[in-house]
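Below is one structure, written out as structure tokens; comments come after it.
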Amino acid sequence: MPRLSIIIPYLGSASRLEDTLVSVLENRPRACEILVIHDGSYRDRYEIGDEVEFIVDDEATSFVGCVNIGIEESDASIVHLLKPGALVSDGWVEPVLNQFCDPHLASVAPLLLQENQPDTIDSAGVHFGLGGSRKQLLKNQKLSSRRPPSADILGPSGCAAFYRRDAVEHAGCFPMALGETLADIDLACTLHHLGHRSLLEPASRIYWRPDESTTSPVVQGRQLERLFWRQTREFGFMRGLASHPFAWAVGCFRLGPASLLGRIAGLCESGLYR
8 MPRLSIIIPY LGSASRLEDT LVSVLENRPR ACEILVIHDG SYRDRYEIGD EVEFIVDDEA
68 TSFVGCVNIG IEESDASIVH LLKPGALVSD GWVEPVLNQF CDPHLASVAP LLLQENQPDT
128 IDSAGVHFGL GGSRKQLLKN QKLSSRRPPS ADILGPSGCA AFYRRDAVEH AGCFPMALGE
188 TLADIDLACT LHHLGHRSLL EPASRIYWRP DESTTSPVVQ GRQLERLFWR QTREFGFMRG
248 LASHPFAWAV GCFRLGPASL LGRIAGLCES GLYR
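8 is the number of the first residue of the sequence shown in the numbering used here; add one for each residue after it.
Rendered as structure tokens:
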């Protein structure tokens, strides 16, 4: 049985997927399986089926769908999610697996660095904003040669994350209702509410190439509103409610007025999220 299952969802860009696969195969850790999840639209041009298991499923049409299928199909107790565009480095797995000796630890965030500026942090994990938002920790901070970065995280970024499989399954896996951008923070909140821990492992370094795909402001607004009503109760409902109008205003400023339509739609659905 493998000690690690690496799950890579195919999201439409063959070049991004293949760059990630090359980096994994060049630095492949021992006793691991590599799963690529897709809906049948990817072709294995390099005939690497003896090194990588390609899982075809009609439901693998989204990031969340692919990841949940990968978790279900994985054999290891620890699963490692890598989004296409993530480039791993030598020895990135071992420091993380050592941390999972703690039975209360459900997830570990590797240190995500910007590919074009490898001395700059892209993400050290995510946290929940009271008004209903996803905060990337240490974003754009420079690495220090004197001390490793540290952060009190709620969970890892979905771009690159390690999870204890049974904890994720107990939490219900990644939520379809939150989409690609917010599924990681929603799962992090749920794992936290169930009593699990998460931490940053700065010795595990992965380089991230930004994804140019975007989600419409209406959809983003709706998903942010869903996140708020699903999770804010556990972090202090009254404080969250007081911060909520500010979150609407910030979202309108960043995403445009169309995001308010999504917020209103999400608000109307608020009773359906639990």
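Quick reminder that beta carbons are idealized off the backbone N, C-alpha and C, glycines included.
Please read these numbers as outputs of a predicted model, since none were measured by experiment.
query                                                                                                                                                                   : result
If you check the beta carbons only, do Q227 and T188 fall under 8 Å apart?                                                                                              : yes
Have a look at E241 and H200 and give me their C-alpha separation to the nearest angstrom.                                                                              : 7 Å
Excluding the five sequence neighbours on either side, which residues of its own chain have a C-beta within less than 7 Å of the C-beta of H134, listed in chain order? : K142, L144, I160 and L161
Is the CB-CB distance between G263 and R229 below 8 Å?                                                                                                                  : no
Got a sec? Which residues, its chain only, sit under 8 Å from I62 by beta carbon, not counting five neighbours each side?                                               : L42, V43, I44, H45, I76, G77 and E80
Please state the DSSP three-state secondary structure of R171.                                                                                                          : strand
Who are Q230's beta bridge partners in DSSP?                                                                                                                            : DSSP, once it has assigned bridges, lists no residue as partnering Q230.
May I have the straight-line CA-CA distance separating E208 from L119, to the nearest angstrom?                                                                         : 10 Å
What number of angstroms, rounded off, separates the C-alpha of C39 from the C-alpha of F244?                                                                           : 42 Å
Kindly indicate which residue of R35, D65, R153 and T197 has the alpha-carbon position closest to the one of A113.                                                      : T197
Assign C275 to buried or exposed, taking buried as 16 or more other Cβ atoms, counted over all protein chains shown, within 10 Å of its Cβ.                             : exposed
Can the beta-carbon of R212 be found closer than 8 Å to that of S84?                                                                                                    : no
What residues in its chain sit with their C-beta under 8 Å from that of H177, if we drop five residues either side in the sequence?                                     : L201
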